[in-house]
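Using the numbering used here, the first residue of the sequence shown is number 3, and each one after it goes up by one. One structure below.
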Amino acid sequence: MQQILIRNFGPIVNQEGTSISLPKVLVLCGEQGTGKSSVAKLISQFSWLEKALVRNDYTILDIAQQDFFLKLSSFHNITGYFKPNTYIKFIGNKYEFLYEKQILSVQVIKEADYVRPQIMYIPAERNLVAALEDASKIQNLPKPIAVFMEEYYNALKNHKNPFKLPLNGYKIAYDDKTNTVWFGDKDFKVKLSEAASGFQSLVPMLIVTENLLLRVKLHADSPKSRSEASFAESSRLEKTIRDILSNENLDEKVRVLMIKELNKSIRNKCLLNVVEEPEQNLYPTSQRTILNELLRINNSIDNNQLVITTHSPYIINYLTLAIKAGMLLSKYGTTHMDSLKEVVPLESTVLPEDVSVYQISSNGEISLLDKYDGLPVDSNILNGALGETNDLFDRLLEIEDSLA
Numbered sequence: 003m004q005q006i007l008i009r010n011f012g013p014i015v016n017q018e019g020t021s022i023s024l025p026k027v028l029v030l031c032g033e034q035g036t037g038k039s040s041v042a043k044l045i046s047q048f049s050w051l052e053k054a055l056v057r058n059d060y061t062i063l064d065i066a067q068q069d070f071f072l073k074l075s076s077f078h079n080i081t082g083y084f085k086p087n088t089y090i091k092f093i094g095n096k097y098e099f100l101y102e103k104q105i106l107s108v109q110v111i112k113e114a115d116y117v118r119p120q121i122m123y124i125p126a127e128r129n130l131v132a133a134l135e136d137a138s139k140i141q142n143l144p145k146p147i148a149v150f151m152e153e154y155y156n157a158l159k160n161h162k163n164p165f166k167l168p169l170n171g172y173k174i175a176y177d178d179k180t181n182t183v184w185f186g187d188k189d190f191k192v193k194l195s196e197a198a199s200g201f202q203s204l205v206p207m208l209i210v211t212e213n214l215l216l217r218v219k220l221h222a223d224s225p226k227s228r229s230e231a232s233f234a235e236s237s238r239l240e241k242t243i244r245d246i247l248s249n250e251n252l253d254e255k256v257r258v259l260m261i262k263e264l265n266k267s268i269r270n271k272c273l274l275n276v277v278e279e280p281e282q283n284l285y286p287t288s289q290r291t292i293l294n295e296l297l298r299i300n301n302s303i304d305n306n307q308l309v310i311t312t313h314s315p316y317i318i319n320y321l322t323l324a325i326k327a328g329m330l331l332s333k334y335g336t337t338h339m340d341s342l343k344e345v346v347p348l349e350s351t352v353l354p355e356d357v358s359v360y361q362i363s364s365n366g367e368i369s370l371l372d373k374y375d376g377l378p379v380d381s382n383i384l385n386g387a388l389g390e391t392n393d394l395f396d397r398l399l400e401i402e403d404s405l406a
């Protein structure tokens with residue numbers, strides 16, 4: 003199982019040295035500004051770098067160069083989080099990375115299988131691409147948003163119209179002639195840019211995730227992807243990439259475009275989906291529906307992985323339902339299946355060993371949330387915030403008594 007250990011990175015201190023394991027579903031929760039997104043971005047970045055090494059985009063010697071990892075981190079805009087004593091260790095499926103004393107080193111993990119992932123980072127700022135009628139014309143966007151926007155418009159063009167949403171019969175339709183996204187149901191339709199903010203958050207997230215799943219499934223089903231490329235094919239690919247990188251007549255943008263086109267022929271066999279705040283602007287029951295959709299997509303392929311950052315106690319509680327349903331399904335099979343799927347869709351159930359929830363405290367410490375009988379315990383940071391409201395109300399009652 004992949005792991006990441008982070009110390010002294012931005013708000014993260016982690017003096018206890020807690021490593022974060024990456025099972026099939028990883029949830030990161032904590033207060034504002036504690037470093038949840040920083041962890042998610044590092045997981046995405048190291049996973050991408052591991053994939054780039056496998057593809058021969060870089061060599062281990064390239065990565066060992068001074069400031070290489072720092073420059074790479076500019077993609078996620080986290081270069082300012084590095085400190086002289088920052089320590090990061092990422093154990094992937096093929097390589098082990100160690101960032102220490104401002105240098106990144108790499109070791110090959112022997113006899114390790116590697117399943118090439120499609121990696122998607124879905125930022126919290128995704129509303130932007132739906133709130134504006136033609137967001138693709140905006141210049142100088144942060145790179146994660148620009149990449150996500152590109153995937154969003156690809157998904158709109160690739161999906162059959164209309165795209166049905168898992169909420170109350172709503173659907174979207176894309177008019178490629180006017181580049182307009184329409185939102186509505188059988189009784190009305192408006193531009194998505196005029197819809198409620200919750201829909202502007204969930205539509206880009208769902209349609210991109212669904213489109214990437216379909217792309218990965220298409221690759222997995224093609225005859226070419228059922229076996230690894232031949233040695234000769236791998237050698238030709240490596241030589242082509244090296245020629246592109248070493249050609250001094252090409253500027254950096256041209257190199258990136260050429261490698262991007264070349265990599266279209268490389269097959270991804272699973273999806274690593276990193277989602278910031280899937281609950282954003284959503285009513286609690288809608289949060290449950292969206293979480294179940296993300297879990298369903300994650301369950302569609304064996305090696306898929308889902309990483310979530312959240313501020314919502316509902317997400318943790320609905321995830322608990324999915325775990326309990328998974329335990330019942332595993333123990334009793336299809337007995338009472340109809341009753342079970344009324345609570346949690348069967349394709350959205352998960353097992354306790356496939357889920358980890360980590361908390362990041364206000365003082366920068368990371369801890370694994372305990373489980374009781376396989377389920378996340380109620381005493382977590384998010385539920386604690388709800389409980390604080392009751393405590394504050396009790397204090398108001400005490401004040402009232404003293405005034406009376």
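All C-beta atoms in this analysis are idealised placements derived from N, C-alpha and C, irrespective of residue type, glycine included. In this text, all values refer to a predicted model and were calculated from it rather than measured experimentally.
Measuring CA to CA, which of the options is closest to residue i?
{"i": "Y417", "options": "N87, I111 and E113", "result": "Nothing in the structure corresponds to residue 417, since the chain is present only between 3 and 406."}
{"i": "H78", "options": "P146, R118 and L384", "result": "P146"}
{"i": "E18", "options": "E279, I362 and V276", "result": "I362"}
{"i": "K193", "options": "V210, I174 and L208", "result": "I174"}
{"i": "A126", "options": "N283, D403 and V110", "result": "N283"}
{"i": "A148", "options": "N160, R128 and N163", "result": "R128"}
{"i": "G94", "options": "Q67, L24 and L74", "result": "L24"}
{"i": "P347", "options": "Y320, I209, N365 and V210", "result": "Y320"}
{"i": "V108", "options": "Y60, L169 and Q307", "result": "Y60"}
{"i": "N301", "options": "K326, I209 and L274", "result": "L274"}
{"i": "S364", "options": "Q5, I14 and Q4", "result": "I14"}
{"i": "Y154", "options": "L169, D115, F71 and I124", "result": "I124"}
{"i": "Y172", "options": "D187, N163 and L158", "result": "D187"}
{"i": "S199", "options": "N160, I6, T242 and V131", "result": "V131"}
{"i": "I62", "options": "Y97, S76 and S39", "result": "Y97"}
{"i": "K162", "options": "K53, L143, V183 and N170", "result": "V183"}
{"i": "L220", "options": "K271, L252 and T180", "result": "K271"}
{"i": "K303", "options": "V27, Q4 and I22", "result": "Lys is not the amino acid found at residue 303; the sequence shown has Ile there. Closest option to I303, Cα to Cα, is V27."}
{"i": "N305", "options": "Y334, S341, L215 and D253", "result": "L215"}
{"i": "L342", "options": "A327, V309, E402 and T287", "result": "A327"}
{"i": "E152", "options": "Q104, V357, F99 and T211", "result": "T211"}
{"i": "A133", "options": "T81, Q141, S195 and Q120", "result": "S195"}
{"i": "F48", "options": "K38, G32 and S75", "result": "S75"}
Hey, does residue i have any beta-carbon neighbour from chain E nearer than 8 Å?
{"i": "S76", "result": "Chain labels in this structure do not include chain E; a single protein chain is all it has."}
Taking DSSP as the reference, what is the three-state secondary structure of residue i?
{"i": "Q67", "result": "coil"}
{"i": "S232", "result": "Its pLDDT being 41, under 50, S232 is placed unreliably in this model, and the value from its coordinates should be taken loosely. Reduced to three states, the DSSP call for S232 is coil."}
{"i": "N163", "result": "coil"}
{"i": "G200", "result": "helix"}
{"i": "L169", "result": "coil"}
{"i": "K226", "result": "For K226, the predicted structure reports a pLDDT of 48, less than 50, and the residue's modelled location is therefore unreliable. The matter cannot be settled from this model."}
{"i": "D304", "result": "coil"}
{"i": "S267", "result": "Unreliable placement is indicated for S267, whose pLDDT of 48 sits below 50; no coordinate value is reported for it."}
{"i": "D356", "result": "helix"}
{"i": "V15", "result": "coil"}
{"i": "A406", "result": "coil"}
{"i": "F185", "result": "strand"}
{"i": "K73", "result": "helix"}
{"i": "K96", "result": "coil"}
{"i": "D396", "result": "helix"}
{"i": "I243", "result": "helix"}
{"i": "V27", "result": "strand"}
{"i": "I174", "result": "strand"}
{"i": "E390", "result": "helix"}
Which residues does DSSP list as the beta-bridge partners of residue i?
{"i": "I111", "result": "I111 is not bridged to any residue."}
{"i": "I90", "result": "I8 and Y101"}
{"i": "D380", "result": "Looking at the DSSP assignment, D380 forms no beta bridge with any residue, so it has no partner."}
{"i": "Q120", "result": "L273"}
{"i": "I362", "result": "G32 and I368"}
{"i": "E152", "result": "Looking at the DSSP assignment, E152 forms no beta bridge with any residue, so it has no partner."}
{"i": "K373", "result": "P378"}
{"i": "L293", "result": "Partner(s): none; L293 has no beta bridge."}
{"i": "V218", "result": "Note: V218 sits in no beta bridge, so no partner."}
{"i": "E278", "result": "T311"}
{"i": "L208", "result": "Bridge partners of L208: none, in fact."}
Following the continuous alpha helix (DSSP H) through residue i, name the residue where it begins and the one where it ends.
{"i": "Q307", "result": "Looking at the DSSP string, Q307 is not in any alpha helix (DSSP H); the run it does join, the beta strand (DSSP E), is Q307 to T312."}
{"i": "L323", "result": "P315 to Y334"}
{"i": "I45", "result": "K38 to V56"}
{"i": "L130", "result": "N129 to A133"}
{"i": "S341", "result": "M339 to K343"}
Am I right that residue i and residue j are in contact with their C-beta atoms under 8 Å? What's the rounded C-beta distance?
{"i": "P280", "j": "I299", "result": "So it is not a contact: roughly 12 Å between Cβ atoms."}
{"i": "Y89", "j": "R217", "result": "Their Cβ separation, rounded to whole angstroms, is 36 Å, which puts Y89 and R217 out of contact at 8 Å."}
{"i": "Y360", "j": "I368", "result": "6 Å"}
{"i": "F201", "j": "F185", "result": "6 Å"}
{"i": "T351", "j": "L331", "result": "5 Å"}
{"i": "L158", "j": "L208", "result": "Their Cβ separation, rounded to whole angstroms, is 12 Å, which puts L158 and L208 out of contact at 8 Å."}
Determine the extent of the beta strand (DSSP E) in which residue i is found, giving its start and end residues.
{"i": "K193", "result": "K191 to K193"}
{"i": "I22", "result": "S21 to L24"}
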